[in-house]
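K.L.:
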Amino acid sequence: MRVHITGASGSGTSTLGTALANHLCVAHFDAGNFYWLPTVPPYTAKRDPASRLTLLVPSLCEAGNSILSGSVMNWGSEIEDSFDLVVFLYLDASIRVKRLRKREIEKLGHADPEFLEWAAHYDVGPKEGRSLAKHRAWLRERHCPILELEGDMTVSDRMAAVLTRMPGPMN
60 MRVHITGASG SGTSTLGTAL ANHLCVAHFD AGNFYWLPTV PPYTAKRDPA
110 SRLTLLVPSL CEAGNSILSG SVMNWGSEIE DSFDLVVFLY LDASIRVKRL
160 RKREIEKLGH ADPEFLEWAA HYDVGPKEGR SLAKHRAWLR ERHCPILELE
210 GDMTVSDRMA AVLTRMPGPM N
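Residues in the sequence shown are numbered consecutively from 60, following our numbering.
Here you go:
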């Protein structure tokens, strides 16, 4: 069983992914760890698409049952069509940007204004990267069940919704 949790930055994909993986005692992977090269400061250099797959595919195969949070949109069908369930989280931009600002300050000591501006434009479509329209189009192409969760729900409520929609056991 492989579950992918996706949505805009700040929508809670990593938080839900971690909680769900801990609850089910399965591996959790964050797409961002495969997307970004380790740099100081972080998030300044992207890994090329082939390298992402070279790292991610064996990790997922070795893990068996797993949760993958983040976005793998346009990473290739080998990954994109390998899920038994995709969970799409949608949250209002004002809440997402507030969360992102707090997270960036806690992790990095500052919040990058360009990143926050990019994240704030998710609903209308930034010039590059993820957008609501791109995510919805991507979701329409998936062949597995899709669960959309909208609004500022607790992690427990989101977990309960996912657990009721999972097509089979994780263990």
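Glycine residues also receive a C-beta, built at the ideal position from the N, C-alpha and C atoms.
#1: Go ahead and pull the three-state DSSP assignment for LYS105.
#2: Candidates THR223, MET218, LEU167, LYS193: which alpha carbon is nearest TYR102's?
#3: Give me the Cα-Cα distance between ILE154 and GLU200, rounded to the nearest whole angstrom.
#4: From which residue to which residue does the beta strand (DSSP E) around ALA76 run?
#5: Compute the Euclidean distance between the alpha carbons of LEU175 and GLY69, then round it to the nearest angstrom.
#6: Report the rounded CA-to-CA distance for ALA220 versus LEU115, giving the unit in angstroms.
#7: For LEU127, which residues of its own chain have a beta-carbon under 6 Å away from its beta-carbon, when the five flanking residues on both sides are left out?
#8: Kindly identify the DSSP beta-bridge partner or partners of ALA196.
#9: State buried or exposed for VAL146, treating a residue as buried only when at least 16 other CB atoms are found within 10 Å of its CB.
#10: Can you give me the C-alpha to C-alpha distance between THR98 and ALA196, rounded to a whole angstrom?
#11: Beta-carbon separation of SER130 and ALA78 under 7 Å?
P.N.:
On the basis of the data shown:
#1: strand
#2: LEU167
#3: About 28 Å.
#4: For the sequence presented, residue 76 should be read as Gly rather than Ala. Note, GLY76: premise wrong, no beta strand (DSSP E); alpha helix (DSSP H) at 72-83.
#5: 10 Å
#6: 27 Å
#7: HIS63, PHE88
#8: Beta-bridge pairing links ALA196 to no other residue.
#9: buried
#10: 32 Å
#11: no
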